[in-house]
Every structure is written in C-alpha cells, then in structure tokens.
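Peer 1:
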Amino acid sequence: MRHRRRRADQHARPLRAGAAAADAAGTPERARPRTGAGFARHGPGAQGHRPSARHRRRAGGRARTDGNRVPFAPDRHRQAAHHGRSVLAHHPQHSRHAAQTRHVRHRPYRPHRPDQPGRRKTGTPMITRRTFLGAGLGMASAAYLTACGTTTESTGPSGETEAPSPAGSPQPPAQGPIEIRLPGNDVNFPSPFSYGGGIGYIQAAYTYDTLMWKDGTGAYIPWLATGFDRSDDGLSYTFQLREGVTWSDDEPFTAEDVAFTFDYLEEHRAQLAPTVITTPTPENIESVSAIDTHVVEFRLREPDWTFEQFTGAGGVFIMPKHVWSGIDEPGAQNDPELLVGTGPYRLESMDLGAGAYLYVAREDYFLGNPLIQRIEHVPVGDPLNALLAGDIHQAGGVGPGTGLRPQAVEPFENSDEFRVMDAPAGHTVTALYWNIEAGGALADPRFRQACAYAIDRQDLVDRLFDGHGAPGNPGLIPPGNPFHTDVEQYGYDVARAEELLDEAGYERPGPDQVREGPDGPLSFELLISSAQPEPPVQLVVAALAEIGVEATPVTVDLPTFGERRNAGQTELSINTFGGTNTDEQPDGMGKVYASTSRSLQRAQGYSNGEVDELIAEQRRALDEDERTRIAHQIQEAVAADLPLLPLFYPPLTTIVRTDPFDGWFDTPGGVGGLVPHVNNKLAFVTGSSEAPA
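For the sequence shown, full-length UniProt numbering assigns the number 1 to the initial residue and increments by one for each residue that follows.
1) Which whole runs of the alpha helix (DSSP H) in the segment 212 to 286 are 4 residues long or more, in chain order?
2) Under a Cβ-count criterion, where at least 16 other Cβ atoms within 10 Å of its own Cβ denotes burial, should residue 688 be classed as buried or exposed?
3) Determine the contact status of residue 569 and residue 437, defining contact as a CB-CB distance below 8 Å.
4) Among residues of its own chain, excluding the 5 on either side of residue 272, which ones have a beta-carbon nearer than 8 Å to its beta-carbon?
5) Would you kindly report the start and end of the unbroken alpha helix (DSSP H) that includes residue 364?
6) If you follow the alpha helix (DSSP H) that residue 468 is part of, which residue opens it and which one closes it?
7) Out of 213, 514, 197, point me to the one whose CA is closest to residue 667's CA.
8) Would you mind reading off the limits of the beta strand (DSSP E) that contains residue 394?
9) Who are residue 574's beta bridge partners in DSSP?
10) Give me, in chain order, the residues of the same chain whose beta-carbon lies closer than 8 Å to that of residue 205; leave out the 5 immediate sequence neighbours on both sides.
11) Can you check DSSP and say which residues form a bridge with residue 182?
12) Should residue 636 be listed as close to the ligand FAD, given that the test is whether its C-beta is under 7 Å from any heavy atom?
13) Taking 8 Å as the cut-off, does the segment 642 to 655 touch the segment 456 to 474 (at least 3 CB pairs, one atom from each stretch)?
14) With burial defined as no fewer than 16 other Cβ atoms inside 10 Å of the residue's Cβ, what is the status of residue 293: buried or exposed?
15) Just mark residue 217 as buried or exposed, buried being the case when its beta carbon has 16 or more other beta carbons within 10 Å.
16) If residue 250 and residue 238 are in contact, beta carbons under 8 Å, what's the gap, nearest whole angstrom?
17) On the premise that residue 190 lies in contact with residue 207, defined as a C-beta separation below 8 Å, what is that separation, rounded to the nearest angstrom?
18) How long is the line joining the alpha carbons of residue 477 and residue 594, rounded to whole angstroms?
19) May I ask you to report which of helix, strand or coil DSSP gives residue 338?
20) What's the C-alpha gap between residue 534 and residue 295?
21) Give the range of the beta strand (DSSP E) segment to which residue 383 is assigned.
22) Residue range of the alpha helix (DSSP H) that residue 685 falls in?
23) At the level of alpha carbons, what is the spacing between residue 224 and residue 443?
24) Does the segment 379 to 399 come close enough to the segment 613 to 630 that 3 or more CB-CB pairs lie under 8 Å?
25) How many angstroms separate the CA atom of residue 532 from the CA atom of residue 548?
26) Buried or exposed for residue 47, going by 16 or more other Cβ atoms inside 10 Å?
27) Which term fits residue 613, buried or exposed, when burial requires 16 or more other beta carbons within 10 angstroms of its beta carbon?
28) One question on the structure: do residue 395 and residue 383 come within less than 8 Å of each other, judged by their Cβ atoms?
29) I'd like to confirm the pairing. Which residues does DSSP put opposite residue 551 in its beta bridges?
30) Assuming residue 660 and residue 374 form a contact by the criterion Cβ under 8 Å, report the distance between their Cβ atoms to the nearest whole angstrom.
31) Buried or exposed, going by whether 16 or more other CB atoms sit within 10 Å of the CB of residue 575?
32) Does DSSP classify residue 207 as helix, strand or coil?
33) Just to confirm, is the Cβ distance from residue 359 to residue 367 under 8 Å?
34) Ends of the beta strand (DSSP E) at residue 295?
35) Do residue 489 and residue 479 count as a contact pair if the criterion is CB distance below 8 Å?
36) Beta-carbon separation of residue 392 and residue 181 under 8 Å?
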C-alpha cells in the first residue's frame, strides 16, 4: 500500500458505451435519527495504508527453522516454510435488533422468498442489459461508498491534539486526550461468538486480545503470549503468557482462560455466527492444558501451519472463563456486561441497529494507557462529505461499499489535512454465488458457466471504479499473487452463454423473455445484504437478463443475510469478503470451498471430495512450495466446477485525516492474519507500527 498525492485523472480509464449516464445520478441519503449516549433503549433494530518511507521498516529475511524455540521478532514468521503467512475481508426496518436495551431482543427468523405470486411467468417481458444500460445506471462516485453507511446528524471532532509519530513511542497529547470518530456499521453484538465480518473483528479486537498480534511489517509480535516452544514433529506448542494482565473487571488473566477459550469454542462451535471469521480448527486440536499459571500447551492431531496464525494464536480472541463458563448459549447473548476482555478498550455504549459504538481506553492496559482515548463509530450517510466536514477521521477501506472512484478521491489528493492510502486490488472480492444444493439449474455446471460468460467482469471494473481494481478470477486468487495460476476465465461471450443454455435444454420462448427448463423458468431470487451497494447488483441482473435468466434482488439486513445463507435458504446471492490477496498463505480457499466450512463466504452446497482432500493436504504441508503446488490444483478444480464467480476485486483506498492522529498504517496479511484494514489497535495503543518493547 502506498501514500499517494496525484490528480485523479492521471489513471482514469474510458468507460464502455452507455456509461456516461452512469455517473450523472447520486444516491439520496436515508434519514435516520441519531440515538443518544449510553446503551440505546429505544429505536428501530436496525478499512489500508503502509507508512511512508521515513516511518516504514520492513521485516527482512526468513524465519529460521533451526531449533524449536520461536521468540517473536519483527523479522520472523514472514516466509518460514513451517509457518506460512496468513491473510484472509442495514436496513433499519429489517434489523433483527428490535429493541436496544441492555438485553437486546432478537426477533424470530422468518425466511423471505418471492414465491410464485411474485415470480415472473415464462414468456413475459424482461428488463435486459440493453434496455437497462440505455436508461442509465445512476452511479455517482459516492454512491458505491455510501451504501455502507446510514444517515445521521453528525457533529464535529471532539478533540484536537498534535499528531503522534507513527514510528516511535507514543507521544502524550498536547491539548488533551485524543479522540477519533470512524464510520459506523451494524457489526452485530461484538462478542467472539457474534461479531459481524471483518469490520466486526476489528471492533471486537478493541475489547479482546489474542496470544499474538501483527505489527506494521506483517510480523507476529508478542501480545498475551511472550513466546512459544514448538516440538520437532509440529504437534505440540507451549506458550508462555504475559504476567500481570487483568481482565477489564480486574480479575487476573491466566492460562486457564486460554485453555477454556479453545475448549469452549469447540463445545459451542455450532453457535458461532456465520459472520465470525477467525475460528480454531477443533477437529485438529487434541487437547489444551494449563501447565502453569502462565503456561499453556496445545496438542495437535497433525501438523497445521495455520495454527500459529489465524486459526489459533494469531486470530482467536481469548475469553474469560469466569464470565462465560456458566453460559450455555453464547451465540444468543447480547448483554454488554458480558463484554469483559483483556483488550485496550471497554465498550461504553452501543446502538446495534444504528451501527453506533463508543469505546473508551483502559488506563490499566498492560501496554500502558492507550494513546487514543476514545474511539467512536458513528453512522453517517455520506462518509466522504462527513470526512470533509471533520465529522469523522476516516472513509473507505475494506467493505462491500468502499471502493472509491478517482473523482471521489480528488478533493483529498493534495491536502495536508488528509492522507490517501492505496492497496493493490485483490484484498477483497465481490462474488456471485449459486446455491448448488437447491438443485435444478443451479446444480448444472453448464448453467453456471453460461452465467459467467454473460457477465463482462472487466466492464464492471470500468463502470464501478473507472478501471481501477481488477476483474474477478474464477480460481478466486487474483493475478499477481504468488499462489495464483492460470485457469479457465469464461471471458465475456454472450453467444457462448446462449449456446450453453440451448445445449442444456433451457428454451427461450422469444427475445427478452425468461428461459424455461425441466424444473421451471430460470427465475431466481438474488439475495443481497443491505451493506451491498446497488450498482453492481443492477449490472449483474441486467447481464443475466440478456441471456434469459431472471434474478430478482431481495435485500435483507446483514444478520438475516448470514442466517439465510447459513441455512441454505438462497438461490443466488452476492457477497463481498476479504482474504483473497496475500503472499502469505492460500488457506483462505478452505473457508470458501471446503464442504465442512461454516463461513459466510463458503460456496453453498458445494462438495467435491478431491477439493476437500487438497485443502486438508495443503494445511498439513509445512513446505511453502508444496502448498503452492496444491493451491494451483485447488484453483483448477474450483474454476471448472464454478460454485461461485468472483466478479471483481475493488480498489482498496482509505482516506484519513492527519490530525489529531497520524499513526495509521496498513498491516500486510491483514489484522489478526485476516482483515486488510488500517485500524490496527497497535497504532491506537502505542502510536507506532512497531512491536512494543
């Protein structure tokens, strides 16, 4: 990621015919009243930059593999063959948070399906890609961004101080505590069992800690653990824990809490929300034992190079035994009093439906009183305008609606008040899913391939991002990644799409009409979350209509989106997630393609025994070259099966204010080994991208 100051038109690319109208219209804001402070008792239920050269230090060389003692250091855990390197990324009236009291009441789930009364019959006219594009798309540059936000009355920054140095020790604020405001989103109840996706992980990390964390070089550094010993066979890990750490309720942190966390996650694994992105692999953890007050031992059934990273020490939040041991249904909890962590911040207030959260620093944190004293996530309708107005300190970054067009970035390019941070496209992907287990055409590879041929993925990139970003790769891993290999691309070819559908027996009564197959018309519900911007959905709908496939968008809030996908109650869906572009590891494919995956990004109903075995094999492979070979085989297999189609990799651009805080930095490989975002709590605590002394 780099800091840029350039004019937006330097890299602009021409759009295809008909795109001029796409830039004319904006997206109106939706009014929503802002709730007061504290835990809201009423109301509806409801991001990376690498430091500049003068601040940046990169880890050098490979981690040594001689010996078993593995201390943490910035130049270790980067390329070791036995380590790998890790990454994987509301509509108010639909939110499941019907009332916001200290005990949030969840409404019962009711599936929504536009069955026959709302379905288009065979032979009826359709809005095709031609007529749709001819009418204009209405995608202003801010529209793709604001789809992630909500409208609210915003106030200005609550404090201004001199900016701390991001490369040194934290500097005391000159005029008082530093407070920052960030865009708000409904990330669910921020417990380890319930948080919502990558942004939810970032916020949960304010309250909870992991055994290891990542610095600005992407190296794992000491956090709750100070080091570990690994056995020669890779089956035993003994972690030495930091002494003197307390939970936010002043109880001492011990090895018993670590052992409890992994046992508890295994026991209640079925209750983990599908939006929880970092989970251990309990089937491979034979035992976790507290050897001493500050020593814990893990025994694995087979080697697993991901354990030191996001499936274990580097990604799993440690939970207090004395708080959770008596709770039988952790996934159903929403009492803020349960959010007891060792992390640097306490959750002071929240309004889940509005996406508003306030975190206050713990003065007794084991790394010292955090530099940033208050972090407030506030809902805003237009993050760019809110950033210009000084109402928030950051816009853009990771998420389904955060790909910024050059025109939107231009006002910030040459100002000392802001820093524009770019990361290569590929950290996140937006994909079209077919629910294979629903049967019929959805289970027919020829149908899925025809849909892929019908969608011009480069055109999506041109229209949505003026050519910035990259078209999706059917093998998931983007070009330029060291694990990428060439696979069948299904390049834009409407004639080939029509030919495949004809060969498969899906007949079309006439132009601009819905095709019909043995199981009925090719008319499907297209499920999207309210966080997903409309423009790409509209383009996909129009492209499918061109070949006689009707997709009817149905928008639900993010929790309901996860529930329905998790229950297999979808036909088509579009989802945006992170973790696709890393030079550290290819294991993210397991979350997407393994038949046992419970991840929100998994391919629904997809089961290929060969792919499952390859995923397990690459997790066991301690040699990086071997993992690369296996990753190539996985990509070739899934590109042929095509259980989902990556549509595009949006550009990852974040814009931040440089006052009162200028310590933002990108974390190579992602925060927690997964999430590409500049909100690394290391910066908020120490003001530095380097490991604390």
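For each residue, glycine too, the CB sits at the ideal point set by N, CA and C.
Peer 2: In this structure, then:
1) 255 to 267
2) buried
3) no
4) 193, 265, 279, 331, 598
5) From DSSP, residue 364 is part of no alpha helix (DSSP H); its letter is neither H nor E.
6) Here residue 468 belongs to no alpha helix (DSSP H), and DSSP marks it neither H nor E.
7) 213
8) 394 to 396
9) 432
10) 317, 343, 671, 672, 681
11) 377
12) The ligand FAD is absent from the structure shown, which contains no ligands of any kind.
13) yes
14) exposed
15) buried
16) Not quite, the Cβ-Cβ distance comes to about 28 Å (not below 8 Å), so this is no contact.
17) 7 Å
18) 15 Å
19) helix
20) 50 Å
21) No beta strand (DSSP E) holds residue 383; the alpha helix (DSSP H) holding it covers 383 to 389.
22) 681 to 686
23) 46 Å
24) no
25) 24 Å
26) Below a pLDDT of 50, predicted positions are generally treated as unreliable, and residue 47, at 33, falls in that range; no measurement from the model is reported.
27) exposed
28) yes
29) 524
30) At roughly 11 Å, the Cβ-Cβ gap does not stay under 8 Å, so residue 660 and residue 374 are not in contact.
31) buried
32) helix
33) no
34) 295 to 300
35) no
36) yes
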